[in-house]
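**Q** Just so we're aligned: the sequence shown equals residues 1 to 111 in full-length UniProt numbering.
Here it is, the structure, as structure tokens.
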Amino acid sequence: MNSSYITALPDDWERVARVFSAMGDATRQKILLLFEPGESISLSSLVTTVGLSRTAVSHHVNVLVRAGLLIPRRQGREVLYRRDLPFALEMLDRVRDYALAELAAEQGDRS
1 MNSSYITALP DDWERVARVF SAMGDATRQK ILLLFEPGES ISLSSLVTTV GLSRTAVSHH
61 VNVLVRAGLL IPRRQGREVL YRRDLPFALE MLDRVRDYAL AELAAEQGDR S
């Protein structure tokens, strides 16, 4: 058992946890999947498309923004959102690197 993580998570692991927590909700997954490559979408458009109340969609969008998966940009009276796919890939790479290191250590123990 590696008890060192009981008191402290690996560097930036909180960011990874926010991404996975945000992605754990089906509505937030649907919101992310609505975007075409390079597209920015307003909250109003998301509300119309998703079919939930403005408050509910705003909540889900804010979770995605706090997780770093959506980037807001004000345009006039509206806020447009776009996906931050490089950030999403960076977080996935952190999990992948962790898993690869653990796998290598595990295979090294078998030698």
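Beta carbons are placed, not taken as given, at the ideal position from N, Cα and C, and that holds for glycine.
Expressed to the nearest angstrom, what Euclidean distance is found between the alpha-carbon atoms of His-60 and Phe-20?
**A** Those two C-alpha atoms are separated by around 14 Å.
**Q** In whole angstroms, what separates the C-alpha of Thr-7 from that of Arg-15?
**A** Looking at the two C-alpha atoms, the distance is approximately 17 Å.
**Q** Have a look at the DSSP bridge pairing and note the partners of Tyr-98.
**A** Paired residues: none, contrary to the question.
**Q** According to DSSP, is Arg-66 helix, strand or coil?
**A** In the structure shown, Arg-66 sits in a helix (DSSP, three-state: H, G or I).
**Q** Leaving out the 5 sequence neighbours to the left and right, which residues in its chain are closer than 7 Å to Val-57 when beta-carbon positions are compared?
**A** Here the set comprises Leu-43, Leu-46, Val-47, Val-50.
**Q** On the premise that Asp-84 lies in contact with Leu-69, defined as a C-beta separation below 8 Å, what is that separation, rounded to the nearest angstrom?
**A** Their Cβ separation, rounded to whole angstroms, is 6 Å, which keeps Leu-69 and Asp-84 in contact under 8 Å.
**Q** With Leu-64 and Ile-31 assumed to form a contact (beta carbons below 8 Å), what rounded beta-carbon distance in angstroms separates them?
**A** So it is a contact: roughly 7 Å between Cβ atoms.
**Q** On the CB-based measure, 16 or more other CB atoms within 10 Å of its CB, does Arg-66 come out buried or exposed?
**A** The residue in question, Arg-66, is exposed, as its Cβ has fewer than 16 Cβ neighbours within 10 Å.
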